[in-house]
Each structure stands twice: as structure tokens, then as C-alpha cells.
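Notes to accompany the following structure.
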Ligand SMILES: Cc1cc2nc3c(=O)[nH]c(=O)nc-3n(C[C@H](O)[C@H](O)[C@H](O)COP(=O)(O)OP(=O)(O)OC[C@H]3O[C@@H](n4cnc5c(N)ncnc54)[C@H](O)[C@@H]3O)c2cc1C
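In my numbering, the protein residues as written are 1199 to 1535.
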């Protein structure tokens, strides 16, 4: 029995949805001594969640090219929480490159972001020998990290149980059925309550090759199809991701051609890689593409994580906990409905 639960005699906390948003909520509430149950309607493989398809980049400085400052604020705080709770999270930084003809895009990216070092070709080759001779320069963001969603979600789930929480898979629940505090992290399925949510399709391809080794994500800037290549374990690489205002799932021929073509232009050896998987997920987004914590008395919704779920989920969980325990409100992220 967790002594903190007895001391406080609090009501139970139910969290709906075990994607990255719900998993982090459950972990921080369980660590704080709350009586936590995490409900997930799918099974432990989590293939129904958007989180299953994500790149898992923890890149607040790169994302500041397009995202609002609040994403950097949440992201920078979240990096500390990833380090604290999952200390083996790789923080090898990330790289941004462009071909010479796209130099203006490269300089624009440099102008809009911070927290990087400029590398020449030799500096790039020293960091990533496989990219020797491929690009004349690069931006290196040393403090960024990345996780492998399909490995890190089970780790988060294990940590929740170790912290005294419980997880119920194959448990399709409605907030109205649950007592105590309910935190709704259903992603796009929460549209019955969060009516402004929309899905933004992201397509990805998983390929395998032993010809190339990378230690960190590489973003290739391009006016039409910006791409990233993220190294995974076992010689796998994730190519991602499109961003399409559509709610069908599946991968179009155009997207496949663009993602594979861009990978080939990062390194021709990718042409010989084996295609392992095509897939797509729908990113849950509010109209402003910013995350929200919506408070309706003891019902709290955490949603709209859009393209930053892995980046911001820990910081959102910390805020929800601070609200429940101390009534603390973050005006930028929270709405009291
Ligand atoms: C291709 C792609 C690449 C991406 N790359 C990155 C990246 O590099 N970095 C980054 O930070 N983000 C990235 N994202 C964004 C990130 O994946 C999302 O922001 C994040 O997964 C959203 O998480 P979530 O927990 O809100 O939703 P989900 O992961 O969808 O989780 C919601 C869960 O709720 C469950 N659920 C729904 N209804 C119920 C119910 N009634 N009862 C019980 N359970 C229920 C669902 O089964 C699901 O498992 C990417 C997304 C895509 C598609």
C-alpha cells in the first residue's frame, strides 16, 4: 500500500487512453502516490494509437521553425522529465541538412531556430561517418533527443505499474462510468466532447539496411517534401512524415514516392534498403495546432498534441498534476470549461 494514498485519502484517478499523453499522465500521478488506473481500449501492442506511428523526436529547437513558443517551453521542460524518468533516453542531438540548391531553405531554418551549432562537411562526417561527402554543411542541435515509440510506450507502461498504478488493456470506457478524477487522453476519439479536434494525417515508411549507420535523426530540408530519417534499433530507419489535412489512413503513391525519393537523396545506399512497413496515423489537432488541458470540474481532457505528442506529453502531465494537487493553472495551456 502506498502510504501517500492513505495520508491524503484522495479519490481515485482514472485515465482513458494509454498513448503517449495518457501514459505520461498515469506515470506522474502514480509516482505522486495517487490511486491510478489507466484504461486502454486496444491491447498492449497499441497499434490503434497515433503514438504507435510517430517518429518520437524530442526536438523543441528544430520544431520552433514552425511551432509557437509554448511548444518550445513545454518541450524543454519535457526533456528534463524524459531524462529523469527514463534515463536511457538517447540525447544524441539532431541534424538538419539541405542540398546546395535548397540553401535558402537551410538559411531560413537557421534564422528561425536556435540552440544549434553550424557544422562544415568535415564536422558532419565526424558526427555521422555515413554522411561523409553528402552535404556541404549542417545544423547540429546537440540537446535534442529521440525515442522509439514502439519500445518506449511499453517501458512507460511498465514504469506506471512499478510506481503502483494499474493498466487495463481492452478496456473501452466512458468518462461518465468512472468515479473520482477522470483524465481523458483519447486522442482523436475524444471528438464527442472535444468537437474542434481534427485529424492531420502523417505517413511513414520503415526500411532496413546495414549499409548506413546514423546515431541521430536527420532532417532534410526541401521546398516541397521536407523529410526526416530516424535511426531505430536493428538496422531500421523510419522515414517520415507527411502532414496532410485528411482523415483517411493509408499511404498514397505520391507520399511513398516523395518519402523514398527524399531518403535516396540523403544517401543513395537507401535505394538498396528493404521496405518493412508503410503506415500512417492521424495527429489529433485543435484549430490552432496547440495542445490543451480542458478542465470541467473533476473531468480533465488532455488533447490536441498534434505533431508534438512525444515532445510535450511529460510537461502536460506535470501541469495536470499541479492543477489537481495545488489548483495551479497555466493560462497558456489550460481552459476551464
Ligand atoms: C507519422 C507521425 C510522426 C510523428 N512524429 C512525432 C515526433 O517525431 N515527435 C512527436 O513529439 N510527435 C510526433 N507525432 C505526433 C504524436 O504521434 C501525437 O501527438 C501523439 O501520438 C498523440 O498522442 P495521444 O496519446 O494524444 O493519442 P493516441 O496515441 O492516439 O492515444 C489515444 C489512445 O486512447 C485510446 N482510446 C480511445 N478511446 C478510448 C476509450 N473509450 N477507452 C479506452 N481507450 C481509448 C486509443 O486506443 C489510443 O490508444 C507524430 C505523428 C505521426 C502520425
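Backbone N, C-alpha and C define an ideal beta-carbon position, used for all residues, glycine too. Computed from a predicted model, the values in this text were never measured in an experiment.
Three-state class that DSSP yields for residue i in the structure shown
i, result
"residue 1318", "strand"
"residue 1298", "helix"
"residue 1506", "helix"
"residue 1262", "coil"
"residue 1532", "strand"
"residue 1289", "coil"
"residue 1235", "strand"
"residue 1429", "strand"
"residue 1282", "helix"
"residue 1408", "coil"
"residue 1527", "coil"
"residue 1422", "coil"
"residue 1393", "coil"
"residue 1200", "For residue 1200, the predicted model reports a pLDDT of 37, less than 50, meaning its position is unreliable; a value from the coordinates is still stated below. Coil at residue 1200, not helix or strand."
"residue 1434", "strand"
"residue 1229", "helix"
"residue 1417", "strand"
"residue 1387", "helix"
"residue 1378", "coil"
"residue 1207", "Only weak support is given to the placement of residue 1207: the predicted model assigns it a pLDDT of 46, under 50, and the value that follows is read from those uncertain coordinates. If DSSP states are grouped into helix, strand and coil, residue 1207 belongs with coil."
"residue 1255", "strand"
"residue 1243", "coil"
Burial state of residue i, where buried means 16 or more other Cβ atoms lie within 10 Å
i, result
"residue 1218", "buried"
"residue 1223", "buried"
"residue 1501", "buried"
"residue 1299", "exposed"
"residue 1241", "exposed"
"residue 1455", "exposed"
"residue 1451", "exposed"
"residue 1473", "exposed"
"residue 1393", "exposed"
"residue 1526", "exposed"
"residue 1285", "exposed"
"residue 1258", "buried"
"residue 1245", "exposed"
"residue 1548", "No answer is possible for residue 1548: it lies beyond the span of the chain, which begins at 1199 and ends at 1535."
"residue 1233", "buried"
"residue 1209", "exposed"
"residue 1533", "exposed"
"residue 1364", "exposed"
"residue 1377", "exposed"
"residue 1230", "buried"
"residue 1470", "exposed"
"residue 1267", "exposed"
"residue 1481", "buried"
"residue 1331", "exposed"
"residue 1486", "exposed"
Contact test: residue i Cβ vs ligand 2 heavy atom, cutoff 6 Å
i, result
"residue 1467", "Looking at this structure, you won't find ligand 2 anywhere; what it does contain is ligand 1."
Whole-angstrom C-beta distance between residue j and residue i, which should lie under 8 Å
i, j, result
"residue 1310", "residue 1336", "Wrong, their Cβ atoms sit about 16 Å apart, outside the cutoff."
"residue 1523", "residue 1226", "No, residue 1523 and residue 1226 are not in contact; Cβ-Cβ is about 10 Å, not under 8 Å."
"residue 1477", "residue 1347", "Going by Cβ atoms, the distance from residue 1477 to residue 1347 rounds to 12 Å, so no, they are not a contact pair."
"residue 1499", "residue 1391", "6 Å"
"residue 1265", "residue 1398", "The Cβ separation is near 13 Å, so there is no contact."
"residue 1418", "residue 1475", "That pair is no contact at about 21 Å."
"residue 1435", "residue 1428", "7 Å"
"residue 1461", "residue 1437", "5 Å"
Which ranges would you report for the beta strand (DSSP E) in the segment 1298-1370 if only whole runs of at least 3 residues count? 1315-1318, 1335-1339 and 1364-1366
Whole runs of the alpha helix (DSSP H) within the segment 1440-1496, excluding any shorter than 4 residues: 1451-1464
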